[in-house]
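Read in our numbering, the sequence shown has 21 at position 21, and its numbers run on one by one without any break. From the three backbone atoms N, C-alpha and C, an ideal C-beta is built for every residue, glycine too. I have placed the structure first, in the form of structure tokens, so that the comments after it can refer back to it.
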Amino acid sequence: MKTTRLCVGLGFDAHPLRAGRPLRLGGVTIPSRRGLVGHSDADVLLHAIIDALLGAVGGPDIGTLFPDTDPKLTNVDSRSLLTQATRRIRRQGVRIVNVDCVLVCDEPKLAPHYQCIRESVATLLKIESSSVGLKAKTCEGTALAYRSRSIAALVVALLEMPSP
Ligand code: MG
């Protein structure tokens, strides 16, 4: 009988907000007067998802696979980084079961965009949108979101691995 085992991975990322940048979350452009700053498009959610997936298979982290010193990755669309990462883990026979995501974000309000972001992430991961959990948490003025100057993401991913 074919057996499998389940592995979890945890991802975290944070980027600062700045005026005049597009805000990309989960591959979706969110209307906002400020966007995230980074070497790539700074899609903090996709970056945390990538690290969760890679972590579950004991792989290298996102910074090792896609270093921010690589000029080819300047302003790169993080959807392409996620696609490369999922190809890498699927080559190992891995099935993505689900991801659950928390965005630490005081502004903009993200609840109106939950479904769009979930569907975008589901499409990228080739799973059902019901397998993508997403919620945004405000920090009530604490330092976690640094007075609305940043957005952070935490992601846990569950993967089904083929048994050796
Ligand atoms: Mg990042």
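Given 8 Å as the limit, tell me if Gly-38 has its C-beta closer than that to any heavy atom belonging to the ligand MG.
Residue numbering aside, residue 38 sits at position 38 when the sequence shown is read from its first letter. Yes, the beta carbon of Gly-38 sits closer than 8 Å to at least one heavy atom of the ligand MG.
Just mark Leu-193 as buried or exposed, buried being the case when its beta carbon has 16 or more other beta carbons within 10 Å.
Lying outside 1 to 164, the shown extent of the chain, residue 193 is not represented and no answer is given.
Please classify Thr-29: does DSSP put it in a helix, a strand, or coil?
By one-based count along the sequence shown, residue 29 stands at place 29. The answer is strand: DSSP assigns Thr-29 an E or B state.
Straight-line gap, Asn-75 to Thr-4 (C-alpha atoms, nearest Å)
By one-based count along the sequence shown, residue 75 stands at place 75. By one-based count along the sequence shown, residue 4 stands at place 4. The alpha-carbon atoms of Asn-75 and Thr-4 are separated by roughly 38 Å.
My output table needs one value for Gly-63: the three-state DSSP class, helix, strand or coil.
Residue mapping note: residue 63 aligns to position 63 of the sequence shown, counting from 1. Reduced to three states, the DSSP call for Gly-63 is helix.
Using only the alpha-carbon positions, how far apart do Pro-67 and Ala-48 sit?
Indexing the sequence shown from 1 puts residue 67 at position 67. Indexing the sequence shown from 1 puts residue 48 at position 48. Between Pro-67 and Ala-48, the C-alpha separation is close to 15 Å.
How would you call Leu-124, buried or exposed, if buried means at least 16 neighbouring beta carbons within 10 angstroms?
Position 124 of the sequence shown holds residue 124. Label assigned to Leu-124: buried.
Just the C-alpha distance for His-39 and Cys-105, rounded to the nearest angstrom, thanks.
Indexing the sequence shown from 1 puts residue 39 at position 39. Indexing the sequence shown from 1 puts residue 105 at position 105. Taking the straight line from one Cα to the other gives about 20 Å.
DSSP three-state assignment for Pro-71, whether helix, strand or coil:
Counting from 1 along the sequence shown, the entry for residue 71 is found at position 71. Of the three classes helix, strand and coil, the one that applies to Pro-71 here is helix, per DSSP.
Check whether Asp-41 and Asp-100 have beta carbons under 9 Å apart
Residue mapping note: residue 41 aligns to position 41 of the sequence shown, counting from 1. Residue mapping note: residue 100 aligns to position 100 of the sequence shown, counting from 1. Cβ distance not < 9 Å, so Asp-41 and Asp-100 don't count as in contact.
Measuring CB atoms only, is the region 19–33 touching the region 50–60, in the sense that at least three cross pairs come out at less than 8 Å?
no
Run through the DSSP bridge pairs and tell me what Glu-140 is partnered with.
Here the question's residue 140 lines up with position 140 in the sequence shown. Beta-bridge pairing links Glu-140 to no other residue.
Consider the C-beta atom of Ala-85 and the heavy atoms of the ligand MG; say whether any pair is separated by less than 8 Å.
Position 85 of the sequence shown holds residue 85. No, the ligand MG has no heavy atom inside 8 Å of this Cβ.
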